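Here's the structure we're looking at; comments come further down.
In this note's numbering, the protein residues as written are 455 to 594.
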């Protein structure tokens with residue numbers, strides 16, 4: 455990737471292009487690097503979650519029951535209203551509705567005639583939306 459960006463920058467520099475264009479190219483390269491770093495973090499997180507899920511499922515298979523669950527909390531961004539002009543009082547992240555999500559994942563066995571015949575994965579999702587200025591919230 456860097457070789458390609460260096461090649462494009464070199465070619466554009468030789469043509470005497472406007473420096474702003476080179477600045478846009480440099481900014482784009484930084485954004486590409488940030489995106490690739492994000493993708494690596496997401497993949498590592500997915501692998502760790504899958505490993506944890508596999509371990510819980512294996513213990514459920516072995517014990518014929520499970521008393522464990524995986525809980526994933528996601529602190530999402532605020533939902534903000536769109537205004538033509540921003541009021542000073544609404545500045546610094548104090549406006550909008552906060553929303554957060556939680557996923558509870560656990561496994562159970564359906565037991566017939568004393569034998570565990572089926573493992574079910576149960577997913578329960580929760581969403582909490584608040585317009586409160588405080589950061590405290592709970593799921594009921």
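Note that beta-carbon positions come from the ideal geometry of N, C-alpha and C, so glycine has one too. These numbers were taken from a predicted model, which means no experiment stands behind them.
Original post:
Does the segment 517-524 come within contact of the segment 485-502, defined as at least 3 CB pairs closer than 8 Å?
Top reply: no
**OP:** Rounded to whole angstroms, what's the CA-CA distance from residue 469 to residue 463? Just pull it up for me.
**Re:** 10 Å
Subject >> Inter-residue Cα distance where the pair is residue 481 and residue 531 >> reply: 24 Å
Original post:
Does the Cβ of residue 575 have 16 or more other Cβ atoms within 10 Å, making it buried, or fewer, making it exposed?
Top reply: exposed
**OP:** Can you grab the Cα-Cα spacing for the pair residue 508 / residue 561, in whole Å?
**Re:** 11 Å
Subject >> Run of the alpha helix (DSSP H) containing residue 460, from where it starts to where it stops >> reply: 456-468
**OP:** Can you have a look at residue 552 and say buried or exposed, based on whether 16 or more other CB atoms are within 10 angstroms of its CB?
**Re:** buried
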